[in-house]
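Take a look at the structure below.
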Amino acid sequence: MHRSPQAAADALAALQQQHLRRTRRTVQGYADEAGTTQPRWGQAPLVNFCGNDYLGLARDPRLTAALTAAAAHWGVGSGASHLVTGHTHEHQQLEEELAAFTGRESALLFSTGYMANVGVVSALCGRGERVLQDRLNHASLIDGARLSGGRLLRYRHNDVADAARLLAPAEAATEAGSAALIATDGVFSMDGDVAPVSGLAALAQQHQAWLLVDDAHGLGVLGAHGGGVLELAGLGAQQVPLLVGTLGKALGTFGAFVAGERDLIDYILQRARSYIYTTALPPAVAAATRAALTLVRDEPWRRDRLQGLIARFRAAAVREGLALGDSETPIQPVLLGDAARALAASLALQQAGYWVAAIRAPTVPAGTERLRITLSAAHDEAQVDGLVAALAGALHGLEPG
Ligand SMILES: *Cc1c(COP(=O)(O)O)cnc(C)c1O
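Residue numbers for the sequence shown follow the working numbering, so the first one is 1267 and each next one is one higher.
The following block contains the structure:
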């Protein structure tokens, strides 16, 4: 973009024309305790079906109480980075509890999942080394590879054979050039399908490559104990040395972590610039997350309830003849094929009282624009039934794509 008074306005107009301009909707408050509905002037409340608060913990009073009590003790800001004076007892305890929860020696907190992925990938991948990534990986994993100066190689979605094909040639080359990191989302954030982690783990083992699984959407949600895709697949630290988890989704708070073997995590602490050069999370957020972790462990009914709602949603959608993705997780995409259709469907749902954001390029590949519906344990059966009826109405009312 050239620097001229008109340049930004022209660029915005072009985005608008392509139905790609993004805007925000300001949440004015909540109409129920769990925060699934929002009041609207003169209209029925709007039911949120596109957040990531899968277990309904974000507004749980026990988390709020833990946060408030910790803020009374520690204040609000941590006041410095972890390596200076910002690393408190709350952070330390949370790291130990996250390590225990994930069955790993050690865990390291980051301020966000974006920063965790950027930091871990760039810390472990040297210039010229290979980073293999699923084509549909989260932007933060891709950006970490770009920042590292490594060679980013993207394999076809969930295709272990394609990843193997990309790994093979350089192995014949020099020993130095053969280091590699494989990174995948555990549950894909826009599709809800699960990565073939066992296949990738075997591949990584065979080629002595690192394997990183970012289970932002699986942790707390999948597996009998909420251990995520690795619990489902029965894989431990031996097979998957690097596990990234986020705290802003199922855990209902904010932040992220990487967990693994002690020396590896300590090495990341030495090298990850997005860890070193930033202020530590507020200790009160760490305290609230400790409370959340207890609930994830002690209230398995949240996962059961969520699975029940997912099954109910899918069965009702099938009865309505709606085409769904290949997803057993709370992320349920409805593909619409272009930005204009996705926006129109989202608007129609909003008029019917349901908030489902349209997801457009470049968040998803062009031509796969969609509604990304997400379910939460905080929803009830009537809300899910109402959503499916409104969805059927909205899709039948669209121009054919
Ligand atoms: C949301 C998400 C992130 C980023 O986490 P934040 O804490 O929101 O920055 C990383 N990876 C995946 C797969 C995600 O869905």
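Note that beta-carbon positions come from the ideal geometry of N, C-alpha and C, so glycine has one too.
- If you check the CB distance, A1618 and G1659 come in under 8 Å.
- Each residue's CA atom was taken as its position, placing R1370 and L1469 some 21 Å apart.
- With a cutoff of 8 Å on beta-carbon distance, M1456 and R1291 are scored as not near each other.
- Straight across, the Cα-Cα distance linking T1289 with D1298 is about 25 Å.
- For S1593, the CB stays at least 7 Å from every heavy atom of ligand 1.
- With a threshold of 7 Å, the Cβ atom of S1388 does not count as near ligand 1, since no heavy atom of the ligand is closer than that.
- Considering only R1269, R1306, L1278 and C1316, the residue with the shortest C-alpha distance to H1645 is C1316.
- For ligand 1, the residues with a Cβ under 6 Å from any of its heavy atoms are, in chain order, T1378, G1379, Y1380, N1383, H1404, S1406, D1451, S1455, D1480, A1482, H1483, T1512, G1514 and A1522.
- In this structure, the alpha-carbon of G1652 lies about 34 Å from that of A1522.
- In the displayed model, A1389 falls within a helix according to three-state DSSP.
- Between the region 1577-1587 and the region 1351-1359 there are fewer than three inter-stretch CB-CB distances shorter than 8 Å, so the stretches are not counted as touching.
- When beta bridges are read from the DSSP output, Y1620 appears opposite V1313.
- Taking each of M1267, G1452, L1433 and L1329 in turn and checking the Cα distance to A1445, the smallest one comes out for L1433.
- For A1373, the secondary structure class from DSSP, reduced to helix, strand or coil, is strand.
- Inter-residue distance for A1273 and G1345 is about 39 Å (C-alpha atoms, whole angstroms).
- Contact annotation: L1601 and L1661 have beta-carbon atoms that are not nearer than 8 Å.
- For A1382 and M1267, the gap between their C-alpha atoms comes out near 30 Å.
- Per the Cβ contact rule, the region 1382-1402 is in contact with the region 1414-1427 (3 or more Cβ pairs under 8 Å).
- Assignment of beta-bridge partners to R1396 by DSSP yields R1417 and A1446.
- According to DSSP, residue pairing for F1523 in a beta bridge involves L1375 and G1511.
- For the pair L1374 and Q1283, the Cα-to-Cα distance works out to about 44 Å.
- In this model, G1415 and V1384 are separated by some 12 Å (Cα to Cα).
- When C-alpha distances from A1324 are compared across L1657, L1413 and V1551, the shortest belongs to V1551.
- In this structure, the beta-carbon distance from I1534 to V1386 falls below 8 Å.
- Selection G1518, A1538, T1519 and G1511 evaluated against A1525 yields G1511 as nearest (Cα-Cα).
- If you draw a straight line from the Cα of V1622 to the Cα of V1487, it comes to about 20 Å.
- Contact between the region 1556-1571 and the region 1325-1338 is present: three or more C-beta pairs spanning the two stretches fall below 8 Å.
- Rounded to whole angstroms, V1479 and Y1380 show a C-alpha spacing of 14 Å.
- Residue range I1597 to L1601 is occupied by the beta strand (DSSP E) that includes Q1598.
- In the three-state scheme derived from DSSP, where H, G and I count as helix and E and B as strand, P1271 is classed as coil.
- Apart from the 5 residues on each side of it in sequence, A1430 sits with its Cβ closer than 7 Å to the Cβ of L1469 in its chain, given in chain order.
- In the three-state reduction of the DSSP assignment, P1305 falls in the strand class, which pools E and B.
- For G1663 and A1605, the gap between their C-alpha atoms comes out near 16 Å.
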